[in-house]
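Following the working numbering, the numbering of the sequence shown begins with 1354 at its first residue and continues without gaps. We put the beta carbon where it would ideally sit given N, CA and C, even for glycine.
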Amino acid sequence: MTATASDAPAAAHFRFFALDVLRTRRLGHSFLRVTFGGESLADFRSGGYDQSLSLFLPPPGREHTVLPSTDEDTWFAAWRGMPDEERPVMRSYTVREQRRTPEGVDEVDIDFVLHGDPAAAAADVTGPASHWAGRAVTGRRILAIGPAVAENKSVRFQPPAAADAIWMYADETALPAAAAILDRLPAGTRVRAWFEVPHEDDRLDLQAPAEADITWIVRKNAGRERTDQVLGVLRSAEPAAAEAPYAWLAGEAGTVRAVRRHFVQEHLLDRRAVRFTGYWRLGASEEELLAEAYAGKAPSEDPGSEL
């Protein structure tokens, strides 16, 4: 998940946290869960659902993240001013779960997508976040900007009280957020979900109290053909009728826009009842997306914006 301008930390809502790797666990072909601990997590206040935070991952060859400043007024300029080979990579991720163990230890789970071929040599796993996660061992420390209050603007899933059904689309980059949402929905909530993954064994066993009807879409193609596959599945497995559905869509920006258009134009869903987020964009690097966000050119995620 790539940081956007809307993720810029606010002093009242966000602060720096030190996260220590406690353990890792493989969830599927493409997913690796990293569990973090650390004394500072006692003040971490995840709002649940699709709560996001910004991770600072050390460059290759470094075990821990080091920043010249964590002061709210100076950290960004200091981070941007670091030499390229020393600057930690900043990436936005969602909190899969936050909990306090019976022993009184605060833990946070973050699920990483391992791009490339995770079964091959580590060098074949692409992307700095995948590269780091594939080598994460107990004791490694990173820094993160995360929530200090539960009611914060980085929780985007905000269904109105009148919603009588939840419609969801997520690709693998947004699946951890979607799974966290399902975990927290009340029993009896009607959910229709379409989850797109790159491999058969990425279809996770998602247990949830909600009444969730999930269709898994195993990707066959790339580019425009990928979006066509998703839309074809949606048209062949339509949601049950609802008077006031709320839609949450996240993943590759082009596919998310197409799915939103499908719901608005073919199901006459009020576009204000759709929350959509592009976690990445086909053909653009994460650094390019970050540069657009810094320049204020990131696309609008306002539910009322035009298609």
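Contact set for residue i: own chain, Cβ-Cβ below 6 Å, skip 5 residues either direction
i	result
residue 1592	1520 and 1545
residue 1361	At residue 1361 the pLDDT is 43, less than 50, meaning the model places this residue with poor confidence and gives no usable figure here.
residue 1562	1540
residue 1609	1602, 1629 and 1631
residue 1527	1603, 1604 and 1632
Bounding residues of the beta strand (DSSP E) (the contiguous stretch that carries residue i)
i	result
residue 1608	No beta strand (DSSP E) contains residue 1608, which is instead part of the alpha helix (DSSP H) from 1606 to 1619.
residue 1500	1494 to 1500
residue 1422	Note, residue 1422: premise wrong, no beta strand (DSSP E); not H, not E.
residue 1369	1367 to 1379
residue 1511	Premise fails: residue 1511 is in no beta strand (DSSP E) and is neither H nor E.
residue 1663	Coverage of the chain is limited to positions 1354 through 1660, which leaves residue 1663 absent and any answer about it impossible.
residue 1435	Per DSSP, residue 1435 belongs to no beta strand (DSSP E) and is neither H nor E.
residue 1631	1627 to 1633
Range covered by the alpha helix (DSSP H) that runs through residue i
i	result
residue 1586	1576 to 1589
residue 1536	1528 to 1537
Simplified DSSP assignment, three categories, for residue i
i	result
residue 1406	strand
residue 1429	helix
residue 1661	No answer is possible for residue 1661: it lies beyond the span of the chain, which begins at 1354 and ends at 1660.
residue 1385	strand
residue 1565	strand
residue 1445	strand
residue 1394	helix
residue 1543	strand
residue 1558	coil
residue 1624	helix
Neighbourhood of residue i by C-beta, 8 Å cutoff - its chain only, sequence neighbours within 5 removed
i	result
residue 1486	1377, 1385, 1387, 1465 and 1467
residue 1397	1370, 1451, 1459, 1461, 1499, 1500 and 1501
residue 1634	1605, 1606, 1607 and 1642
residue 1417	1411, 1493, 1494 and 1495
residue 1583	1522, 1547, 1549, 1570, 1608, 1611 and 1612
Residues sharing a beta bridge with residue i, DSSP
i	result
residue 1485	The partner list for residue 1485 (beta bridge, DSSP) is empty, contrary to what the question assumes.
residue 1451	1461
residue 1571	1550
residue 1602	1522 and 1629
Residues near residue i in its chain [Cβ-Cβ closer than 7 Å; skip 5 each side]
i	result
residue 1402	1508, 1510, 1533, 1534 and 1537
residue 1542	1519, 1563 and 1564
residue 1474	The predicted model places residue 1474 with a pLDDT of 40, which falls under 50 and marks its position as unreliable, so this point remains unresolved.
residue 1554	1381 and 1382
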